[in-house]
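Per the working numbering, the sequence shown starts with residue 583, numbered consecutively.
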Amino acid sequence: MYFNSNTVAFLDGEFVPASEATCGAYAQSLHYGYAVFEGIRAYNTPQGCQIFKAREHYERFHYSCQAIGLPLNYSVEELTQISYQLLEKNGLTDAYIRPLAYAATPNMSLKHATTGNLLMAVWEWGKYLGDQSLRLTISPYERPNPKAVPIEAKVSGHYVNSIIASSEAKSRGYDEALLLDMNGYVAEGPGANFFFEKNGELYTAPAGSILRGITRNTIIDLAREAGITVHEQFFTPAALQEAEGAFMTGTAAEVIGVSSVDEVVFAKPYAETIGAQLASRYQALVTGQEVGAEKLELRS
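Dropping the structure here:
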């Protein structure tokens, strides 16, 4: 699914066959989840292959590395250029890009790495959560306490929480989980931010126990440009009783509708919600099909 015998990856300064992009058994990152990643999408636009918001993604990549003390010896510009080169070498224009900063040196200590490594892979990947509206359930697992870990950093080890929550929800017949924070407020999904609609306005969790996704931020901008009020505030699951619709956002998932959360079934068909309208605007933006597509970070 992710690579074949012809796939090329980038590993520590070289383009290599993906099958040769390996990590040693004693790597600190393998044992402790001490690594940082990004999920980025490239789209085939009228201007050619364009990576959506490459700068924002790679600036966050740098922030995440700094937050956990993991060396990264590539600038935002260098990472962007490598991404385009890797797409070209693999003959891809619509693709998902996965840069991973990690510590390959054998090290069983609980200390910051003194050297860092970089892997970058690309593959074709449809919408992570599919195209059908989701049935969510409140997870018994909470988002990590932001005083315990740098929650705004996209750290690999944080996603053990996501795997457990998502798997538990699916074991009970739901499509995905919705996690609360340590205070009982709705936070986000295992890999996507959550919005709900009420009286023509949108509500989403604020900074605190969430990763403020780049897709989330883009949707907020599109909504406000369209005159839609967006509230970034804490709310409990009880607030969903009055919601008319909901959706989730993320680079891998893009924008996907939510039909229900446990026993709460939203009144509006997803096609009639603000989320569906914003999903259409988002697709037009990332694929360069509308005025406003100048917000794409064009290849220099």
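Ideal Cβ placement from N, Cα and C applies to all residues, glycine included.
Remember, it's a predicted structure, so these values are computed and weren't measured experimentally.
- [ ] Compare the C-alpha of Arg676 against each of Thr687, Pro599, Asn626 and name the closest.
- [x] Sequence check: residue 676 is Asp here, not Arg. Checked all of Thr687, Pro599, Asn626; the closest Cα to Asp676 is Asn626.
Open item on the list: Quick check: the segment 641–653 against the segment 713–730, are at least 3 beta-carbon pairs closer than 8 Å?
Closed with: no
Open item on the list: Can you look up Ala624 in the DSSP assignment and give me helix, strand or coil?
Closed with: strand
Task: Coil, strand or helix - Cys647 by DSSP - done: helix
TODO: Per DSSP, which residues does Phe592 bridge with? Please list them.
DONE: Phe597, Met702
Task: Secondary structure of Gln632, DSSP reduced to three states - done: strand
Open item on the list: What does the alpha-carbon distance come out to for the pair Lys850 and Asn586?
Closed with: 43 Å
Task: Given Glu602 as reference, the closest of Leu652, Leu701, Lys693, Ala624 once Cα atoms are compared - done: Leu701
TODO: Leaving aside the five residues before and after Gln871 along the sequence, list all residues of the same chain whose C-beta is less than 6 Å from its C-beta, in chain order.
DONE: none
Task: DSSP bridge partner residues for Ala639 (one or two, in chain order) - done: In the sequence on display, residue 639 carries His and not Ala. Looking at the DSSP assignment, His639 forms no beta bridge with any residue, so it has no partner.
TODO: Return helix, strand or coil for Ala751, following the three-state DSSP convention.
DONE: helix
Task: Nearest neighbour of Gly708, chosen from His740, Ile838, Gln648, Phe848 [CA to CA] - done: Ile838
Open item on the list: Measuring straight from C-alpha to C-alpha, what distance separates Ile796 and Glu734?
Closed with: 12 Å
Open item on the list: Count Cβ pairs between the segment 751–769 and the segment 665–680 that sit closer than 8 Å; are there 3 or more?
Closed with: no
Open item on the list: Helix, strand or coil for Ser715? Go by DSSP, reduced to three states.
Closed with: coil
Task: Local conformation of Arg863 per DSSP, three classes - done: helix
Task: Contacting residues, own chain, Cβ-Cβ under 8 Å from Leu880 (five flanking each side not counted) - done: Confidence at Leu880 is low in this model, with a pLDDT of 29, below 50, so its placement is unreliable and no value can be given for it.
Task: Top-ranked residue by Cα proximity to Pro722, from Leu784, Val768, Cys647, Thr697 - done: Val768
- [ ] Look up Asn775 in the DSSP assignment and give the residues it is bridged to.
- [x] Glu770, Thr831
TODO: Check the C-beta distance from Gly951 over to Glu779 and give it rounded, since I have them as a contact under 8 Å.
DONE: For the chain, the structure presents residues 583 to 882; residue 951 sits outside this window and is missing.
Task: Pairwise C-alpha distance: Thr818 and Ile802 - done: 20 Å
TODO: Quickly, what does DSSP pair Lys780 with across the bridge? List them, please.
DONE: Glu783
Open item on the list: Between which two residues does the alpha helix (DSSP H) holding His740 run?
Closed with: Looking at the DSSP string, His740 is not in any alpha helix (DSSP H), and its letter there is neither H nor E.
Open item on the list: My output table needs one value for Ser842: the three-state DSSP class, helix, strand or coil.
Closed with: strand
TODO: Please confirm whether Ala636 and Thr662 have their CB atoms less than 8 Å apart.
DONE: yes
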